[in-house]
Amino acid sequence: MRRLYFAFLPVFLFVLWLVLNQSLSAGQIALGAALALWFTWAASRLRPLHARPHRLWKAVPLFLHVTWDIIKSNIAVGRLVLNPRPNDFSPGFIMIPLTMRDPHGLAMLACIVTYTPGTVWVNLTDDHHLKLHVLDLQNEGDWIRLVQERYERPLMEIFE
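Numbering-wise (the UniProt record's numbering), the sequence shown opens with residue 1 and increments by one.
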C-alpha cells in the first residue's frame, strides 16, 4: 500500500499541476515534476505514525450511526436557529473521559464530533478527558454515553 501511495501521489500532483496551469510547456512540466516529487517526500515526513486499522467491517455501522446523528442534529439545530425562543436551549461544556489512546482513532473521533452540528471538540486534556461544547446541553450523562458507547467504542475496536 505504501508503494502504491508513493507511485500514485506524485503522478496525481503532477497531473493536477499541469491541469491547473493549463500549459504543457517544458518549464511547467519540469516544475510540476519537481514539485510533485518534493511534496510527496514532504508528506511522508509529516506522517511518522501509520494507521493500522483492524476489523474494518465495524466502520459500516459506525458510519451509519454518524450519518443518522448528523441528520438528526441538523434538524435540531435548524429548529433552534429558525425558531429561537428565549431559554429554549442551554449551551455548555462537558468533560468526557476517554479510554482510547490511538492518535488516529482520536482524530476520527474529533472529526465525528465536530462534523455533528451543535457540537465542537474543544480540547483533549493530559488525562484524556475530552472537553466538548454542546449547543443544547440537557443531560450530561446522555452525552457522555453517546460519545463513549456510540463513537469511541467502535473506533477503539477499529484502531486498537
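The beta-carbon is built from N, C-alpha and C at its ideal position, and this holds for glycine as well. Here the structure is a predicted model, which means the values were calculated and not measured.
Self-check item: T116 to H54 span [Cα, whole Å]
Solution: The C-alpha of H54 is placed about 25 Å away from the C-alpha of T116.
Exercise. Answer with buried or exposed for T114, where buried requires no fewer than 16 other C-beta atoms within 10 angstroms of its C-beta.
Key: In the assembly as shown, T114 is an exposed residue. Its beta-carbon has fewer than 16 other beta-carbons within 10 Å.
Exercise. Note the first and the last residue of the continuous alpha helix (DSSP H) segment covering P103.
Key: P103 to Y115
Self-check item: Rounded C-alpha distance that separates D102 from L24
Solution: So the two alpha carbons sit approximately 44 Å from each other.
Quiz item: In angstroms, rounded to a whole number, what distance separates the CA positions of A30 and L46?
Solution: 24 Å
Practice problem: Find out if the Cβ-Cβ distance for the pair V134, I96 is shorter than 8 Å. | Solution: no
Exercise. Inspect the beta-carbon positions of L64 and I158 and report whether they are closer than 8 Å.
Key: no
Quiz item: Assuming residue 176 contacts T40 under a Cβ cut-off of 8 Å, what Cβ separation, rounded to an integer in Å, is found between them?
Solution: Given a span of 1 to 160 for the chain in the structure shown, any question on residue 176 remains unanswerable.
Practice problem: Can you tell me the Cβ-Cβ gap for L80 and D136, rounded? I've got them flagged as a contact below 8 Å. | Solution: Contact check for L80 and D136: beta-carbon distance about 7 Å, within the 8 Å limit, so the pair qualifies.
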